[in-house]
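Position 54 of the sequence shown, counted from 1, bears residue number 53 in numbering that gives the first Met the number 0, the numbering being contiguous throughout.
The next block holds one structure in the form of structure tokens; read it before the comments.
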Amino acid sequence: MEVFRAVTEALANQDADAFLDQFDAKMPQYEKLRDEIKDLFGAAQEIGSTIDVITDEGDEQKRMLELDWLLKINNNEPRRQIVKCRVEKQGKKWKITALDPVEFFKGPVP
């Protein structure tokens, strides 16, 4: 899905605006996600990310996914977690309208 390609690219480029543009600003915990991403980008020199889809259910307008997400921050031990995500078509673009856990994107612990 294009939305997840854009998310991984924005993480690699540490582009908060491009990352957050993939999310619906009205989604639950959007402000917390925004704060976590800004902290992460402020603390990280290098970020890598891969996403594997485990489940993908829904229709042409709404989909529920479980993602096996691997996040590599600097030279730290990678984070790997099952992330639950809802995407909805808004106009011609898919937007992420729910993400759990948002804390997955917390900045590295010094």
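Just so you know, even glycine gets a beta-carbon here, dropped at the ideal spot from N, CA and C.
Complete runs of the alpha helix (DSSP H) confined to the region 5 to 71 [at least 4 residues]: 15 to 19 and 29 to 42
Span of the beta strand (DSSP E), counted from its first residue to its last, around Glu76: Where Glu76 is concerned, there is no enclosing beta strand (DSSP E), given that its DSSP letter is neither H nor E.
Span of the beta strand (DSSP E), counted from its first residue to its last, around Lys92: Lys92 to Asp99
Lys61 versus Ala42, Lys31, Ile53 and Lys92, residue with shortest Cα-Cα distance: Lys92
Ile95 classed as buried or exposed, judged by whether at least 16 other C-beta atoms fall within 10 angstroms: buried
Touch test, the region 26 to 33 against the region 45 to 63, Cβ-Cβ under 8 angstroms, three pairs minimum: no
Whole-number beta carbon distance between Leu70 and Phe22, since they are thought to touch under 8 angstroms: Contact flag wrong, Cβ pair sits at about 16 angstroms.
For Gly57 and Phe18, the rounded distance between their alpha carbons: 24 angstroms
Member of Leu39, Glu87 and Ala42 whose CA lies at the smallest distance from the CA of Asp55: Glu87
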